[in-house]
Amino acid sequence: MSDQQDFTIVGKAIPLKDATDKVTGRLKFSGDIRVPDMVHGKILHSPHPHARITVIDIRRAESLPGVLGIVTHQDAPAWEWENCWHNYGGRILDDKVRFVGDEVAAVAAESVEIAEAALELIDVEYEILEPTFDPIEALDPDAPQVRAEGNARPPTEVVWGDIDEGAEMSDVIVESSMAFDSQAYAPIGRNACTAQWDGDRVTVWTCTQTPSEMRDAIARGLGVPVSNVRVISQPCGSSFGLWWIGSLQLITVLLARKIGKAVQISLDQEECFATVKRRHLERSTGRLGAKRDGSVTFIDLEHVHDNGGYGLKPDVGFLTVDLWGAGPNGRFIDRGVSTNLVTAGCMRGVGDVTMGAFVERLLDMAAVEIDMDPLEFRLKNHIRAGDPLRAMEGETLDQMDHASLPDGWPELGKLDGEALSDCLIRGAEAFGWNEKWTDWGKPSAVDGPKRRAVGVATGVHSCGTEDEYPVSALVRVHSDGSATLHCSMGRQGQGSETTQAQIAAEALCISVDRLRVEAGDTDACPPSHGAIASNTSYRTGFATWDAALDAKQQILDTAAMQLGGSAPDDLDMRDGVVFSPSDPTVSLTLEEIMSTYRPDSMTPPMILGRTSTPMPPSMMYARYFAAHFVEVEVDVDTGEIQLLDYVATQDSGTVLNAKVLENQVIGGAILGAGFALTERLAFEPDTGKILNPGFLDYKVMRAPDFPIDPGVLFGDSHDPVGAFGAKSGGEAPTTAPIPAISQAVYNAIGVWLDIPMTPERVLEALGKI
Amino acid sequence: MTIEVSLRVNGLDHTVEIPPHETLGQVLNGRLGLNGVRLSCEEGECGACTVLVDGEAINSCLMLAVQAGNRDILTIEGLGTPENLHPIQQAFVDEHGFQCSFCTPGFVLSSKALLEETPHPEAAEIAAELSGHICRCGTYPNIIRAVQRAAEELAEEATNE
């Protein structure tokens, strides 16, 4: 791997490509889109958690002046999620509602006000069904069944070694359980969808992290050719997985087709919070054994997550297994279960945020028993490069053609590389761990009711889940030597247009200012997975890199031809100029090359780089890691927890742009810390209705709630496959804060808490309320 | 029923016929097309719709448009242009004081009000003064650095004048 300082563009903390639009407020979000003759839609949501629609009468609503059309389940009788998208199941507009807020109908009207008034005039009769809300109760076969195939998904199991043998060789065995409330995506922006049909072709403006997948879902849902669907993804305001694929877009497209006009449905804050999706409610129980020398002997963990009304996930991910899977014996079981709560789905750090926190808790409890420093315990046990990835053993791995992978690429099923020890050691130095650490359960300082203590924890995530979707990109070089990168990843805001541009410009040897990125238009971009599951820097980056290298090779071939007989291998490029290392007289600018007609066709050259190298399945080998350090102060009178100091370290391979990655790391830490301390959706006990669907009652972190100058350090590693050695960055930093803060709270006040660790939970645990 | 309201926005006079209950934010965004006035919570919790009214940072979702009649309103559209960014905007660019940027206009305008009142705020003071704003992406440390950098820049400009 070439050294990072050899790069001219990669590694530079340049401003975001769209920074000027962002600070001037010119950036258009999905709700800002205006299409000529566009009308407005509103959605009717179910007031019941579980009911069958026996009658739906739209006649009164239709007769309201200004109403242009209404869709109900009768307009989409065979519209199944399974046919559109893999993460949800059931009918998109059904005659059965499964949570308060489920979609019942949608109205198009000349104004939002008329559409809202029409919703009141839709007469719906419901046969009320018994609901189920608690994930454990819903597992019972006698519980009300939310879905036709039953509530419980088949368990997903990862087993290695022998638990009983592990137990026998243990000096200590700890046992615990942990409950997690549901975190809201709590988007600061809103989403809207605008759909316009032209004959049998539809154009959709909306915010999605996965434009290609959205296009496919719409095409499959409506039974129209993929070529007839164009999705133009608009910028999101903080998405974290919320704006992936959803009912909003499918319903808008259906409504627009029915009325024959362009329709926009814009969700309000309550709809964004309470009717789209949320993080799963999760419950963990388990045991962990260790020897006196600090080596883990076994982990035995059972996990349950609720999928809400339409989620289908059999498991929330087993990447946590990878982090601690170096131990000789283990068993992880996860079960998904349907409930009559709003659909649950993948939110930033899915699975690792929760299961990871529980595994770290078991580790801490064992470390308490053998009285070992948590830093030392982690350094002793974390997975190393070359260790087997336990969750990846099995059929898919066996089917892969391992021999065909290029030399130097990682062995599938084993961790490719890591710098977690480096992150832990350097982070500890920066934080002053050795000076601040006192002992388990002992605060480092006591001042009246205030107890200070520190904590350290690690986190992990995969660099991308394939979900049977490829990544690809195109690089077009224009007549003046400027270039466009086409890669479908949406515009989530995390800086991926900038980092992809840095990859492409570095590979193409042109200035990053001469390269534009088209990330949202499916008519312009080749199909690619999109900005989910930490795909972008790693997998999309690989596709971009490959396409840009292809374009560069085409440029060198063209230049060689223009130079009348030079071999392309004798040429190279720098700053948009082709030169020969062996012949100083050779110098052609990209603009000169692109404006010189080919003698065989009398046309300018065509340079179109494309991804042609298939990427090996990154789930099989690629992980990135976080190690976080925190100092907390707990007030035992009020139960409040303050974060006083924070150091976040991360191993993301080569750093593409330090400021972009820093925002990902600290943004992830703040999202995780928010879940650790305050963020919880409150469900009404009898209905499952979300009682806090807005920022007034759902408390997210603000500037004074997190240390104002946190430390950020990056591990020294370079991935053997990723573009210029880069891995991804956005999700692992969300996973480490909960266990780090939870450990620090234990050290301050001697209790282990469920998540979030609200003041009420602190005071309850201390026996004060 | 509608009423006529005269608004002075970014130095230009506008007259709008509106229902009396319309908020300043709804008028600026919905009627005048100023998309930089970002409507999110519409209950004064997130700060995204912040504008300056006579120099004071106001949640435009909590002020009726009629209350802003004949007062000087500044939205992000009136602060700097792409070719000539205001020093606060430039500092947000340089320090990466945002990711998705939905909240950015509000943070920038409140920072302007803050720096006019307190030209050299401490980091903790900036954090406290901006606590009416939510950056859900969590870029607060870089926002605070941006405001500090802007303060230095503005102080230098003032010295040179």
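Each protein sequence line maps, in turn, to chains A and B. Under the numbering used here, the first sequence has 215 at position 215, and the numbering climbs by one with no breaks. Under the numbering used here, the second sequence has 1124 at position 124, and the numbering climbs by one with no breaks. Glycine residues also receive a C-beta, built at the ideal position from the N, C-alpha and C atoms.
Same chain, Cβ closer than 7 Å to residue i, five either side skipped, listed in chain order
i, result
"Asp162 (chain A)", "Asn329"
"Thr613 (chain A)", "Asp546"
"Arg147 (chain A)", "Gly89, Gly90 and Ser338"
"Gly770 (chain A)", "Shown here, chain A extends from 1 to 769; a query on residue 770 (chain A) therefore has no answer."
"Thr536 (chain A)", "Met489, Ser496 and Ser728"
"Trp81 (chain A)", "Tyr88, Gly89, Gly90, Ile92 and Tyr310"
"Thr678 (chain A)", "Lys699, Pro756 and Thr758"
"Gln4 (chain A)", "Reliability of the predicted coordinates at Gln4 (chain A) is poor, the pLDDT of 49 falling under 50, and the value obtained from them is presented with this limitation in mind. The answer, listed in chain order, is Gly11 and Thr654."
CB contact flag (residue i, residue j, <8 Å)
i, j, result
"Ile755 (chain A)", "Ile738 (chain A)", "yes"
"Thr320 (chain A)", "Ser177 (chain A)", "no"
"Phe706 (chain A)", "Ile749 (chain A)", "no"
"Leu16 (chain A)", "His1096 (chain B)", "yes"
"Pro526 (chain A)", "Ala473 (chain A)", "yes"
"Gln1090 (chain B)", "Leu1079 (chain B)", "no"
"Ala391 (chain A)", "Val745 (chain A)", "no"
"Asn747 (chain A)", "Lys442 (chain A)", "yes"
"Val97 (chain A)", "Val104 (chain A)", "yes"
"Arg620 (chain A)", "Gly413 (chain A)", "The sequence given here has Met at residue 620 (chain A), not Arg. Yes, the pair counts as a contact, with Cβ atoms nearer than the cut-off."
"Asn228 (chain A)", "Val202 (chain A)", "yes"
"Val23 (chain A)", "Phe1102 (chain B)", "no"
"Gly336 (chain A)", "Phe298 (chain A)", "no"
"Glu282 (chain A)", "Thr354 (chain A)", "yes"
Neighbour list for residue i in chain B, Cβ cutoff strictly below 9 Å
i, result
"Asp122 (chain A)", "One point to set straight first is that residue 122 (chain A) is Ile, not Asp, in the sequence displayed. Within chain B, no residue comes near Ile122 (chain A); the closest Cβ sits about 25 Å away, beyond 9 Å."
"Leu770 (chain A)", "What the structure shows of chain A is the stretch from 1 to 769, and residue 770 (chain A) is not part of that stretch, so it cannot be assessed."
Interface residues of chain B facing residue i [CB-CB closer than 7 Å]
i, result
"Lys22 (chain A)", "Phe1098, Ser1101 and Thr1104"
"Ala19 (chain A)", "Val1093"
"Asp709 (chain A)", "Ala1123 and Pro1141"
"Lys277 (chain A)", "Chain B residues near Lys277 (chain A): none, gap ~16 Å exceeds 7 Å."
Within chain A, the residues that residue i reaches when beta carbons sit closer than 7 Å
i, result
"Glu1043 (chain B)", "Gly694 and Leu696"
Minimum Cβ-Cβ distance from residue i to chain B less than 8 Å
i, result
"Gly427 (chain A)", "no"
"Gln264 (chain A)", "no"
"Arg680 (chain A)", "no"
"Val655 (chain A)", "no"
"Val762 (chain A)", "no"
"Ala726 (chain A)", "no"
"Leu188 (chain A)", "Inspection of the sequence shows that residue 188 (chain A) is occupied by Ile rather than by Leu. Yes, Ile188 (chain A) lies at the interface with chain B (some Cβ there is under 8 Å from its Cβ)."
"Asp32 (chain A)", "yes"
"Leu424 (chain A)", "no"
"Cys346 (chain A)", "no"
"Phe629 (chain A)", "no"
Exposed unless 16 or more other CB atoms sit within 10 angstroms - verdict on residue i
i, result
"Met602 (chain A)", "exposed"
"His1120 (chain B)", "exposed"
"Glu662 (chain A)", "buried"
"Pro406 (chain A)", "exposed"
"His1021 (chain B)", "exposed"
"Ser2 (chain A)", "With a pLDDT of 39 at Ser2 (chain A), under the threshold of 50, the predicted position of this residue should be treated as unreliable, and no value is reported."
"Asp315 (chain A)", "buried"
"Gln399 (chain A)", "exposed"
"Pro1087 (chain B)", "buried"
Contacts of residue i in chain A (Cβ-Cβ under 8 Å)
i, result
"Pro1082 (chain B)", "Thr20, Asp21, Thr24 and Arg26"
"Ile1134 (chain B)", "Ile188, Phe695, Val700 and Arg702"
"Ala1158 (chain B)", "Simply none; closest approach about 21 Å."
6 Å Cβ shell around residue i - same chain, five flanking residues per side excluded
i, result
"Val578 (chain A)", "Ala559, Leu571 and Leu588"
"Gly417 (chain A)", "Ala385 and Ser717"
"Val35 (chain A)", "Thr194, Gln196 and Ala262"
"Cys1100 (chain B)", "Cys1137"
"Cys1046 (chain B)", "Ser1040 and Ile1134"
"Met372 (chain A)", "Gly294"
Any chain A beta carbon closer than 8 Å to residue i
i, result
"Val1186 (chain B)", "Absent from the structure is residue 1186 (chain B), since the part of chain B shown begins at 1001 and ends at 1161."
"Asn1059 (chain B)", "no"
"Gly1138 (chain B)", "yes"
"Gln1089 (chain B)", "yes"
"Val1108 (chain B)", "yes"
Where residue i meets chain A, residues with beta-carbon distance less than 9 Å
i, result
"Leu1130 (chain B)", "Arg702, Ala703 and Pro704"
Interface residues of chain B facing residue i [CB-CB closer than 8 Å]
i, result
"Lys659 (chain A)", "Glu1095, His1096 and Asn1142"
"Asn307 (chain A)", "In chain order: nothing, as chain B lies at least about 24 Å away."
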